[in-house]
Amino acid sequence: MYKNKPDQKDYSCVAPPDDINRSQKRVDVNEISNKFSFQHGRQSKFSKRTLKDDDDYFNDDDGEEIVQQKSNDEEEEDDIDPLDAYMLGLEEAEKKSDSSKKKVVADVAVLNKKDIKTIKGTRYDIDQEDNEESYYKYMEENPNAGTLAPLSDDEDQIIDYDVDGNPIYKKVKYVDPLPPIDHSAINYQPFSKNFYEEHEEIMKISNNQAKDLRSKLGIKVLGAKPPKPISSFAHFSFDEQLMKIIRKCEFTQPTPIQAQGIPVALSGRDLIGIAKTGSGKTAAFIWPMLVHIMDQPDLKVNDGPIGLILAPTRELCQQIYTETKKFAKAYNIRAVCAYGGGSKWEQQKDLELGAEIVVATPGRLIDLVKCKATNLNRVTMLVLDEADKMFAMGFEAQVRSICDHCRPDKQNSNEIWIVEFYAPWCGHCKQLVPEYSKAATALKGILKVGAINLDEHKSFGQQYGIKGFPTIKIFGVSKTKPTDYNGQRTASSIVEAGLQEAKKLVNQRLTGKSQSGGSSGGSDVVELTDSNFDKQVLNSKDIWLVEFYAPWCGHCQRLKPIWENVATELKGKVKVGALDATVHQIQANKYQIKGFPTIKVFINGQFEEYNGGREKDDFVRFALDKLDENAPVPEVKQLLNKEDFSKSCDSSQLCIISVLPHILDCDAKCRNDYLSVLKQVAEKFKKNQWAYFWAEAMQHLALEEAVGLGGFGYPAMAAVNVRKMKYSWLKGSFSLDGINDFLRDLSYGRGSSVPVKGAKIPEIQKVEPWDGKDGVPYVDPYDEL
């Protein structure tokens with residue numbers, strides 16, 4: 001083999017290992033190379049190989065010594081063949097040319113103490129360190145050489161396998177856990193988690209029969225009064241949308257883990273399930289999670305997931321994600337998969353769009369939470385799939401920190417809470433402190449009184465639609481939708497409002513009724529009649545959702561509690577009413593009521609049929625969509641004085657300020673074109689309820705400078721958050737598309753912002769409104785002279 005460079009003439013070899021078969025042949029490159037040189041008159045670049053058997057190999061002496069011996073015996077030869085003489089001459093020439101290179105060879109082979117020509121009787125090709133020996137020596141010095149390089153920062157795991165082929169999970173790179181969180185400072189919205197209604201057939205099963213069924217299915221269960229196992233998907237009472245997908249996936253009968261685990265999960269109890277691979281564990285937690293999510297309010301901007309599934313490996317994450325998407329499409333629920341090795345940027349963008357379910361590995365989830373791509377404030381169902389492997393891989397600290405960041409387990413509270421939403425910098429909030437403290441002292445032991453700083457807990461401001469400070473809400477009979485307190489800001493008024501809510505709760509408990517559609521007496525559902533229908537509904541500017549029912553109708557009776565919850569959820573947004581069509585037949589005949597219950601929506605005296613689902617979320621989503629469609633378009637006002645600015649911008653999340661060119665630089669038509677674009681933008685983003693102002697260039701120079709608009713040309717735009725004293729300016733074109741992109745990013749919280757100069761809005765000068773005409777250039781009378 002080659003000892004040094006390929007063009008070097010030393011082609012000596014070492015003896016083969018003992019385990020080589022004797023029948024194998026070997027190439028003597030030196031000999032064939034010399035023969036080939038004779039044929040061509042020079043050394044060949046690509047030498048052919050001939051074969052020598054092993055006996056010849058082991059009996060063969062060093063080629064150089066043979067040449068020397070021949071040259072010594074030459075003198076005794078009487079007759080020298082001309083061909084032999086020619087060959088000897090070539091060998092001698094080659095020997096001389098190679099003599100100067102042997103020392104280099106020896107140096108490379110760590111034989112640098114003496115010149116090779118002085119070492120007689122030595123096989124330098126054996127004493128030298130050949131390639132194989134060099135390999136072994138290198139491996140001794142570098143035991144990890146040749147192995148795979150460490151996984152990148154995006155990788156979550158390194159897996160080896162034992163002799164039986166079982167995976168050995170090594171500890172992965174350390175990821176700092178999430179920092180501790182103080183849940184006592186956060187007032188979480190109550191939620192329900194018990195959705196399990198035992199089927200009639202299951203109710204008839206005795207405890208002994210349930211025990212026999214568990215034995216037949218191979219189920220072992222521990223815990224206090226576990227639910228009875230089921231034997232059919234019909235016993236779950238799933239919606240038809242979900243059942244269609246279950247049937248499409250060819251599920252014919254619940255597996256043991258599903259038969260026992262799903263009733264437990266639907267009951268809202270903690271569960272540890274152990275089952276073999278392929279036993280349906282994934283569906284056993286996905287189906288209850290979907291039911292749980294459908295009872296929760298819709299996600300808002302910057303909301304995190306409701307259901308969180310942690311898995312140790314990316315492969316398992318992808319598998320769970322695939323199964324989740326398959327069933328989540330029944331309810332249009334969005335899921336996101338996040339794991340190491342995938343694009344963190346893409347995963348971050350997916351989470352920013354909102355997802356009810358997140359499937360993730362612990363390390364990647366922690367990274368995404370730390371970079372504010374998502375949060376765990378709304379997680380109310382947590383699944384740890386293959387938790388033992390996560391701990392074996394060294395994820396215990398990370399998993400514990402994630403669990404600690406999820407809200408504590410809370411069911412609907414029976415207590416009444418009065419909660420103030422405030423901001424520390426608000427002067428009105430500071431003035432309220434003494435009266436609010438008196439109210440808290442007076443209600444101690446009767447009602448709960450609390451306060452939330454929205455500067456620290458911003459998500460609650462969006463969750464409860466806080467528009468100004470201070471805002472007081474009462475969480476009373478219905479915890480899903482608090483009641484707005486609009487009374488005087490005195491201790492006595494606040495106490496009176498709290499006691500009224502307590503009285504309502506007492507009356508409800510005494511009557512045992514949960515006020516339903518068509519009734520009054522404390523219900524949020526308005527009772528409609530033939531006499532008040534036109535005045536209440538047709539002549540109203542509000543949107544109305546009306547149920548036409550019959551007291552004897554079984555479907556109407558089942559709808560009662562749902563309708564009440566809908567009314568409570570939509571209170572202050574959409575009116576919800578009910579009319580007994582068997583009594584008030586004028587309205588029933590007018591609207592051609594044929595069956596019960598019939599739902600209609602009334603907008604500005606016009607009506608349309610409701611043909612959606614009959615669950616609370618279906619009604620609420622439909623009503624809010626109608627509200628958004630018919631929401632008034634914010635007015636694009638000219639900025640004339642400080643009072644108008646404060647009135648609109650102080651109560652809005654963002655104030656969009658546009659500075660248009662001077663009327664002499666842009667005539668009336670030009671300005672109206674810009675205003676038309678702004679009105680289109682205001683209509684498109686009307687759901688956000690932002691304030692819109694425009695001003696002429698150089699009319700409010702101090703304001704322009706404070707929000708970074710001065711000196712960059714006109715038109716220009718800035719979005720100002722007055723409460724935070726921060727702003728963001730339009731960097732793209734002042735066009736419909738450019739402004740749409742700018743405001744869309746802001747609505748999703750993706751825009752960058754900088755502090756307002758001086759940390760306050762400067763004094764706004766009072767100016768005259770634009771008369772809608774072209775500008776008239778000013779003519780200096782002295783110029784005419």
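Numbered according to UniProt numbering, the sequence shown spans residues 1 to 785. Ideal Cβ placement from N, Cα and C applies to all residues, glycine included. Note that the structure is predicted; figures quoted are calculated from it, not measured.
Along the region 607-678, the alpha helix (DSSP H) occurs as fully enclosed runs of 4 or more residues at 616-629, 642-649, listed in sequence order. For SER215, there is no enclosing beta strand (DSSP E); the residue is part of the alpha helix (DSSP H) that begins and ends at 207-217. The residues ASP303, GLY304, ILE306, in chain order, have a CB closer than 6 Å to that of ARG378 in the same chain once the five nearest residues on each side in sequence are set aside.
For ILE320, there is no enclosing beta strand (DSSP E); the enclosing alpha helix (DSSP H) has its first and last residue at 314-328. Setting aside the 5 residues that flank it on each side, LYS276 has no residue in the same chain whose C-beta is closer than 6 Å to its C-beta. Beta bridge pairing from DSSP links ASP580 with TYR549. With respect to GLY487, ILE418 sits apart: the two C-beta atoms are not nearer than 8 Å.
In this chain, VAL221 is not harboured by any beta strand (DSSP E), its DSSP state being neither H nor E. Closest in alpha carbon position to ALA759, among SER735, LEU703, ASP774, is LEU703. Excluding five sequence positions before and after LEU528, the CB atoms of its chain that fall closer than 8 Å to its own CB belong to GLN536, VAL537, VAL546, GLY577, ALA578, LEU579, HIS584, GLN587, given in chain order.
Between the region 628-636 and the region 660-669 there are fewer than three C-beta pairs closer than 8 Å, too few to call the two in contact.
Burial of SER728 is indicated by the presence of at least 16 other C-beta atoms within 10 angstroms of its C-beta. Under a 10 Å Cβ-count criterion, LYS594 is classified as exposed, with fewer than 16 other Cβ atoms of the shown protein chains found around its own Cβ. The DSSP-derived three-state label of CYS337 is strand. About 5 Å separates the beta carbons of PHE693 and ILE657, which is inside the 8 Å limit, making them a contact pair.
In the structure shown, PRO362 adopts helical secondary structure according to DSSP, grouped into three states. The shortest C-alpha to C-alpha distance from ILE764 to any of MET698, ILE494, SER753 is the one to MET698. For the 8 Å CB-CB criterion, ASP388 and ALA423 do not form a contact.
Less than 8 Å separates the beta-carbon of HIS199 from that of SER237.
Judged by DSSP in its simplified three-state form, VAL301 adopts coil rather than helix or strand.
Straight through space, the alpha carbons of LYS349 and PHE742 are spaced by roughly 16 Å. Here the alpha carbon of MET393 sits roughly 16 Å from the alpha carbon of LEU365. For GLU705, the enclosing alpha helix (DSSP H) stretches over residues 701-706. Among the bridge pairs identified by DSSP, PHE693 is matched with LYS637, ILE657.
Annotated as distal: LYS458 and TYR464, with beta-carbon spacing of 8 Å or more. Residues ILE257, GLY273, ALA275 of the same chain have their beta carbon placed closer than 7 Å to that of LYS281, with the five preceding and five following residues left out of the count.
Under the three-state reduction of DSSP, ASP484 is assigned to strand.
Just so you know, the alpha carbons of HIS405 and PHE734 end up roughly 43 Å apart. The secondary-structure analysis by DSSP pairs TRP287 with nothing; it has no beta-bridge partner. Rounded to the nearest whole angstrom, the CA to CA distance from THR490 to ILE466 is 20 Å. Under the criterion of beta carbons closer than 8 Å, LEU639 and ALA695 qualify as touching, at roughly 4 Å. When the beta-carbon positions are compared, TRP544 and VAL601 come within less than 8 Å of each other. Closest in alpha carbon position to GLN689, among GLN653, ALA567, TYR674, is GLN653.
Shown here, VAL681 sits in a helix according to DSSP, grouped into three states. Less than 8 Å divides the Cβ of VAL399 from the Cβ of PRO362. Its chain contains ARG489, THR490, ALA491, ILE494 as the residues whose beta carbon lies nearer than 8 Å to that of GLU435, once the 5 sequence neighbours on both sides are disregarded; these appear in chain order.
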